[in-house]
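**Q** Numbering (the working numbering), first residue to last: -18 to 132. All C-beta atoms in this analysis are idealised placements derived from N, C-alpha and C, irrespective of residue type, glycine included.
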Amino acid sequence: MSETKSFLGTGWSFPISFDDSIGVAMVSDDEDIRQSISILLNTTPGERVTNPDFGCDLHSRIFKSIDSENKALIDDLIRVAISKYEPRIILEELNIDDSQELDGLILIELIYLIRQVNTRTNMVFPLYKLDGTNLKEDEKICPLNTLKISK
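1) Classify I87: buried if its beta carbon has 16 or more other beta carbons within 10 angstroms, exposed otherwise.
2) Less than 6 Å between C-beta atoms, sequence neighbours within five positions excluded: which residues of the same chain meet that for V105?
3) Taking the CB atoms as reference points, tell me whether I142 and N99 lie closer together than 7 Å.
4) Return the first residue and the last residue of the alpha helix (DSSP H) that N51 is part of.
5) Measuring only the C-alpha atoms, how far is E28 from S2?
6) Straight-line CA distance for K132 to P26?
7) How many angstroms separate the CA atom of S64 from the CA atom of S49?
8) Does the pairing of the segment 59 to 75 with the segment 13 to 22 give three or more beta-carbon distances under 8 Å?
9) Can you check which of these residues, S46, L83, F35, G4, is closest to R58 by C-alpha distance?
10) Work out the CA separation of D79 and I133 for me, nearest whole Å.
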């Protein structure tokens, strides 16, 4: 595994991949932060045995009606999780776009400041209600793309 030093941090890429010449693929700087946020928002509290509070319980909210009350709860869940588990950023703005809700997609735009370099950036996190339900049977595979599901 190559040693990469980064001012903002370096971590394993996600999804995890390996290369014969370098070992585990790594990401650094703002890409490491982006992937960290994505992992945080995709993790349900309780999934990590060694850190059961880690995560953001978004999936408990997505099957509820996306009204102003639910948007406020989603906003709060994300803000609390990021302030607790991603100290490298300051979340400045969060926008929830439910215009594609009937298609099973909610877009969450995060606008944040990277503290150490005072750089403002953004990312759009797609939250899917219909997680792979529109796939044909032979297209259904496990998250690591290694095993096919059979009936």
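**A** Taking the definition as stated:
1) Taking all protein chains shown into account, I87 has 16 or more neighbouring C-beta atoms within 10 Å of its C-beta and is therefore buried.
2) Cβ-Cβ distances below 6 Å link V105 to L88, E90 in the same chain, with the five nearest sequence neighbours on each side left out; the list follows chain order.
3) Lying outside -18 to 132, the shown extent of the chain, residue 142 is not represented and no answer is given.
4) Here the alpha helix (DSSP H) through N51 covers 49 to 66.
5) Inter-residue distance for E28 and S2 is about 32 Å (C-alpha atoms, whole angstroms).
6) For K132, the predicted structure reports a pLDDT of 40, less than 50, and the residue's modelled location is therefore unreliable. A value from the coordinates is still provided. Rounded to whole angstroms, K132 to P26 spans 30 Å at the Cα level.
7) Taking the straight line from one Cα to the other gives about 22 Å.
8) Between the segment 59 to 75 and the segment 13 to 22, the count of C-beta pairs closer than 8 Å reaches three or more; the two stretches touch.
9) Note on residue identity: the sequence assigns Leu, not Arg, to residue 58. Of S46, L83, F35, G4, the residue nearest in Cα terms is F35.
10) Past the edges of the chain, shown from -18 to 132, lies residue 133, and the structure says nothing about it.
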